[in-house]
């Protein structure tokens, strides 16, 4: 059984393992490379200072995670990122459970929308979020690139 709970600094070593394992298949395909591969326990600890860490656990083991925070330039939106599920636990609905939990938190805290960014080069991820009710509202371009590299997606929670 999967349990969703808030995490913290004490979980950052396990979270690093989860995100690096989950993003490993994309290591050679993404340009620019994902920032996941430069994360450390310390950088995740720092992220916990400004973001809330949400975990999915099986027994006491972290199998999935994400970070969420108010969107800096649009405080009416709750932004989440670094959604990751261990490869051994993918395709079991765990990511959907975490996304649903973030949406519930957003509703309870009075946010209008939940937003995320997803790489254009990962169409299966785009399709997953569309299946969760998210819509593309803009494109973004990573520094040093001339063409858009990611989609900005949102879902109303009001």
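In the working numbering, the protein residues as written are 938 to 1095.
Yeah, the Cβ is synthetic: ideal placement off N, Cα and C, and Gly gets one too.
Quick caveat, the model's predicted, so the values are computed rather than measured.
With 16 other Cβ atoms within 10 Å as the buried cut-off, status of residue i
i            : result
residue 1074 : exposed
residue 980  : exposed
residue 1037 : exposed
residue 1080 : exposed
residue 1058 : exposed
residue 1001 : buried
residue 948  : buried
residue 964  : exposed
residue 984  : buried
residue 942  : exposed
residue 1066 : buried
residue 1040 : buried
residue 1153 : Outside the modelled stretch of the chain, which goes from 938 to 1095, sits residue 1153, for which no answer is possible.
residue 951  : buried
residue 974  : exposed
For residue i, the first and last residue of its enclosing beta strand (DSSP E)
i            : result
residue 1091 : 1087 to 1093
residue 1074 : 1072 to 1077
Limits of the unbroken alpha helix (DSSP H) element including residue i
i           : result
residue 978 : 978 to 987
DSSP-derived helix/strand/coil call for residue i
i           : result
residue 963 : helix
residue 972 : helix
residue 947 : helix
Any non-hydrogen atom of the ligand MG within 8 Å of residue i CB
i           : result
residue 999 : Looking at this structure, you won't find the ligand MG or any other ligand, since it has none at all.
Exercise. Which whole runs of the alpha helix (DSSP H) in the segment 1024 to 1069 are 4 residues long or more, in chain order?
Worked result: 1031 to 1045, 1060 to 1068
Exercise. Hey, which unbroken runs of the beta strand (DSSP E) at 3 residues or more fall wholly within the segment 986 to 1026?
Worked result: 989 to 995, 998 to 1008, 1011 to 1022
Exercise. Are the segment 1026 to 1033 and the segment 965 to 972 touching, with three or more C-beta to C-beta distances below 8 Å?
Worked result: no
Exercise. Do three or more CB pairs link the segment 1035 to 1050 to the segment 1005 to 1014 at distances below 8 Å?
Worked result: yes
Exercise. If you pair each beta-carbon of the segment 1086 to 1093 with each one of the segment 991 to 1002, do three or more pairs fall below 8 Å?
Worked result: no
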